[in-house]
Amino acid sequence: MLDIVEYNTKRKLVKINPDKSELITLECKQPIEVTLDGAPIATVTSVKHLGIDRTAKYTVEPDVRLKIAQRTVYAALGPGLHARRALSPKVSFHVWKMYIIPRFLYVIEVQVPSSTNLRKLEAFQRKVLRHLQGWPERSSSTAVYTLAGAEPVELVIETRIS
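Residue numbering for the sequence shown follows UniProt numbering, starting at 1 and increasing by one per position.
Structure below.
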């Protein structure tokens, strides 16, 4: 793979700076020395790519996902994403489905979520759906998903994979 990058860099099709490049080793017990144009590439344990911290474990950090989702929801609450204000619950759910869910579950299908992480993501989704519909906190999760027409997080991830 690095041979292709080096070949195209020499042809001036792309410009890759070896000083800014980083390498994550997966399932490698010994350190590897990798060079690009004669300059060594640094080996790191985690790297940020497209706004996501990638590690060798491929695990989901639910706290990071929840922070992103909360910021997105709070940004949408100002214009009226609430059951008792400007938008109807149907329109609010459509905004949730088309705008917030993609940001909430961005690249999660590539990583491996554990059952506890899925439970945290599900709890946040149920809380927001109850808020959007104007229901009390103690309403059943079956009613939340059935009446809102929403899908659980695990099902959304499975449909994205297949």
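Built from N, CA and C at the ideal position, the CB exists for glycine as well.
Open item on the list: Taking only three categories from DSSP, how would you classify residue 137?
Closed with: coil
Task: Reduced DSSP secondary structure (H/G/I, E/B, other) of residue 157 - done: helix
TODO: Could you tell me how far apart the beta carbons of residue 100 and residue 72 are, in whole angstroms, since I believe they sit closer than 8 Å?
DONE: 5 Å
Task: Given residue 64 as reference, the closest of 137, 120, 4, 134 once Cα atoms are compared - done: 120
Task: Length of the line joining the Cα atoms of residue 127 and residue 42 - done: 42 Å
TODO: Can you give me the Cβ contacts of residue 22 inside the same chain, cut-off strictly under 6 Å, excluding the 5 residues immediately before and after it?
DONE: 42, 44, 47
Open item on the list: Please state whether the Cβ-Cβ distance between residue 125 and residue 148 is less than 8 Å.
Closed with: no
Task: Beta-carbon contacts of residue 24 that lie in its chain and below 6 Å, excluding the five residues immediately before and after - done: 47, 56
TODO: Excluding the 5 residues preceding and the 5 following residue 166 in the sequence, name in chain order all residues of the same chain whose CB lies nearer than 6 Å to its CB.
DONE: Because residue 166 is not part of the residues shown, which for the chain are 1 to 162, the question remains open.
Task: Those residues which DSSP pairs with residue 43 across a bridge - done: 23
Task: Distance between residue 153 and residue 161 (C-alpha atoms, nearest Å) - done: 13 Å
Task: Residues sharing a beta bridge with residue 36, DSSP - done: 39
Task: Chain-order list of residues whose beta-carbon lies under 8 Å from that of residue 89 (same chain, five-residue window excluded) - done: 83, 132, 133, 134, 148
- [ ] With a cut-off of 8 Å on the beta carbons, I'd call residue 109 and residue 157 a contact; round off their distance for me.
- [x] 5 Å
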